[in-house]
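Residues are numbered in my numbering as their position in the sequence shown, beginning at 1, plus a constant of 13. Think of the CB as a built atom: it goes at the ideal place given N, C-alpha and C, for glycine as much as any other residue. Treat the numbers as computed from the prediction; the structure is a model and nothing was measured. Note sheet for the following structure.
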Amino acid sequence: MVCGGRPLYGETRIQGSKNAALPILAATVLVKGKTRLYRCPKILDIIYMLHILREIGCTVFWEDEDVLVIDAADCDGYEIAEQYAGKMRSSIILLGSVLGRNGRVQVPYPGGCIIGKRPIDMHIAALQTMNVHIETHEKTLSAQTSGLTGATLDLALPSVGTTENIILAAVTARGRTRINGAAREPEIAALCDYLNHAGARITGAGTETIEINGVRRLQQTTYEIPADRIVAGTYSLATVATRGSTILYDAPIHQMDAFIKIIQSMGARVSRIRHADRIGLVIDAEQAVHAVEYLETKEYPGFPTDLQSQLMTVLTTADGTSRILETIFEERYKIVGELQKMGAHITIQDREAVIESVPRLQGTTLQASELRGGAALVIAGLMAQQTTIVENAHFIKRGHEDIVKDLKELSASIKYL
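Below, the structure is given as structure tokens:
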């Protein structure tokens with residue numbers, strides 16, 4: 014429940030990254046020993062992944078509040094249970110890592126948010142090139158290999174999941190693997206950084222060409238999960254939406270250039286501050302009232318699709334008409350109907366959203382249907398007159414440790430019911 018109409022102010026700390034932590038957790042099965050992860054976010058998708066790791070033989074526990082330990086010494090399972098995998102898209106990256114560890118894997122078709130088709134054909138084709146035999150069934154994929162082998166792979170699209178799966182399969186494969194057209198997202202770089210800490214030989218992470226020279230084994234290691242750029246963007250947009258002023262400590266500012274340019278074009282003043290050993294992203298949004306004439310979502314380093322719903326929400330009361338073209342996920346406009354209930358003027362033409370300004374939104378009861386859209390509806394509640402209820406909060410908990418606590422630290426009137 015959100016009582017809107019007040020500017021956000023104050024400071025909060027940005028959690029560890031969901032999209033970095035999940036592939037790193039998948040990678041831990043390649044280490045025949047312990048991995049200690051600092052700042053792993055305690056979110057639903059992580060909880061689902063930890064259940065999966067336990068079921069295939071890993072020992073998993075929190076050493077203290079901020080350190081997650083995964084001991085994969087006895088990880089010999091290969092069947093991924095639908096109970097948890099069916100709830101999260103990232104379960105598909107277990108294809109590469111479990112194959113690399115045990116030579117075979119059976120995984121249900123991945124679940125998660127309904128925001129588009131997101132086919133897994135690219136994953137299958139890439140692994141087949143690396144000496145993997147794959148059988149598709151009604152509800153599962155079965156894969157096995159007599160030994161993973163390196164290959165040169167040219168990706169038609171810079172798919173994040175496909176790039177991650179290839180890396181995970183290639184780390185202990187025979188020979189060298191080269192990925193042309195690789196995804197460049199910071200989360201790819203984090204995965205490669207973790208693996209290199211464990212003894213992998215990977216170069217080119219963060220570029221379009223990644224090379225992996227296979228090694229015989231990986232070693233125990235300790236790694237810190239980087240901060241979540243999408244959570245940082247979400248709270249920045251909540252600040253813009255309410256014309257507030259906030260400091261977001263640990264925000265990965267160097268990963269947010271395209272995003273920061275957009276909110277600056279709206280009139281927000283953005284700077285950074287150092288306090289002791291912490292860097293804060295400072296958002297002063299008192300004058301952030303301008304529309305965004307035209308924006309396309311793009312793969313990194315472009316404007317992220319995972320912040321499109323939140324931005325569209327903010328633009329409902331910006332001065333003028335805004336246009337957004339969604340180029341990544343064809344069903345990323347699921348919140349439009351909910352925003353229209355609040356009085357927003359939004360029309361969809363194919364993959365383009367046209368947002369015409371209204372003076373204000375009106376609080377009501379809304380239904381979240383996916384993670385980022387759910388967070389956007391919370392932002393709508395912060396903007397709106399009177400009270401807004403966002404139901405199905407479990408979608409938001411898939412990516413936010415505690416959005417209520419964080420926004421309370423920024424002076425929001427918000428609580429769980």
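From residue i to residue j, what distance separates their C-alpha atoms?
i, j, result
"I225", "T216", "7 Å"
"C53", "H64", "15 Å"
"I276", "L43", "41 Å"
"N366", "G46", "Looking at the sequence itself, residue 366 is Ala, so the reference to Asn does not match. Spanning the two alpha carbons is a distance of roughly 49 Å."
"L161", "V145", "7 Å"
"M101", "I260", "31 Å"
"V80", "T234", "13 Å"
"L395", "M14", "10 Å"
"V179", "Y313", "First, the residue type needs correcting, since residue 179 is Ile and not Val in the sequence shown. Those two C-alpha atoms are separated by around 19 Å."
"D338", "D363", "Sequence check: residue 338 is Leu here, not Asp. Those two C-alpha atoms are separated by around 9 Å."
"S426", "Q232", "47 Å"
"R256", "P20", "6 Å"
"T185", "M325", "43 Å"
"P239", "L50", "10 Å"
"M432", "D84", "Nothing can be reported for residue 432: it is not among the residues displayed for the chain, which extend from 14 to 430."
"D10", "T149", "The requested residue 10 is not part of the displayed model; the chain covers only 14 to 430."
"F316", "T310", "5 Å"
"V111", "T41", "10 Å"
"A94", "L154", "12 Å"
"I128", "S335", "With a pLDDT of only 37 at I128, under 50, the local geometry of the prediction cannot be trusted, and the value read off the model is given with reservation. Rounded to the nearest angstrom, the two C-alpha atoms are 22 Å apart."
"R26", "S258", "15 Å"
"I341", "L250", "20 Å"
"G280", "A331", "10 Å"
"A254", "V327", "5 Å"
"A138", "Y262", "41 Å"
"E24", "L423", "6 Å"
"Y307", "I368", "10 Å"
"A39", "A211", "14 Å"
Please classify residue i: does DSSP put it in a helix, a strand, or coil?
i, result
"D84", "strand"
"P171", "coil"
"S382", "coil"
"G361", "According to the sequence as given, residue 361 is Ile; it is not Gly. It is a strand residue."
"G29", "strand"
"S223", "Note that residue 223 is Ile in the sequence shown, not Ser. Correct three-state label for I223: strand."
"V42", "helix"
"C71", "coil"
"I409", "helix"
"F272", "helix"
"R287", "strand"
"T247", "helix"
"I60", "helix"
"V403", "strand"
"T470", "This structure cannot speak to residue 470, because the chain is shown only from 14 to 430."
"L161", "coil"
"T318", "helix"
"D415", "coil"
"E465", "Residue 465 is absent from the model: the chain starts at 14 and stops at 430."
"I127", "Per-residue confidence for I127 stands at a pLDDT of 43, beneath the threshold of 50, marking its modelled position as unreliable; the derived number appears in the next sentence. Coil."
Sort out for me which residues DSSP pairs residue i with in a bridge.
i, result
"T259", "G23 and I296"
"S335", "I368"
"L328", "Note: L328 sits in no beta bridge, so no partner."
"A156", "V118 and I147"
"T190", "I225"
"L50", "L81 and Y236"
"I215", "I225"
"I427", "V15"
"R282", "D297"
"Q398", "Q375"
"H303", "D332"
"T310", "F316"
Tell me, to the nearest whole angstrom, how far the beta carbon of residue i is from that of residue j; I am working on the premise that it is less than 8 Å.
i, j, result
"L390", "L379", "5 Å"
"I416", "A388", "7 Å"
"M143", "T175", "Not a contact, Cβ separation roughly 12 Å."
"E68", "G99", "Not quite, the Cβ-Cβ distance comes to about 13 Å (not below 8 Å), so this is no contact."
"T165", "R191", "5 Å"
"D167", "N209", "At roughly 24 Å, the Cβ-Cβ gap does not stay under 8 Å, so D167 and N209 are not in contact."
"G116", "Q157", "6 Å"
"H413", "V244", "6 Å"
"G109", "L66", "At roughly 15 Å, the Cβ-Cβ gap does not stay under 8 Å, so G109 and L66 are not in contact."
"R411", "L57", "5 Å"
"A268", "G17", "Residue 268 is actually Gln in this sequence, not Ala. In fact, because the Cβ distance is near 29 Å, the residues do not count as touching under 8 Å."
"I409", "L384", "6 Å"
"S382", "N405", "7 Å"
"G227", "A183", "6 Å"
"E177", "R197", "12 Å between Cβ atoms; not a contact."
Beta carbon of residue i: closer than 7 Å to some heavy atom of the ligand SAH?
i, result
"I215", "As far as ligands go, the structure on display features none, and thus does not contain the ligand SAH."
Quiz item: Are the region 313 to 321 and the region 282 to 295 touching by the rule of at least three beta carbon pairs closer than 8 Å?
Solution: no
Quiz item: At a cut of 8 Å, does the region 300 to 308 reach the region 341 to 361 through at least three beta carbon pairs?
Solution: no
Quiz item: How do the region 69 to 79 and the region 206 to 216 stand: do at least 3 beta-carbon pairs fall below 8 Å, yes or no?
Solution: no
Self-check item: Contact between the region 20 to 34 and the region 191 to 211 (3+ Cβ pairs under 8 Å)
Solution: yes
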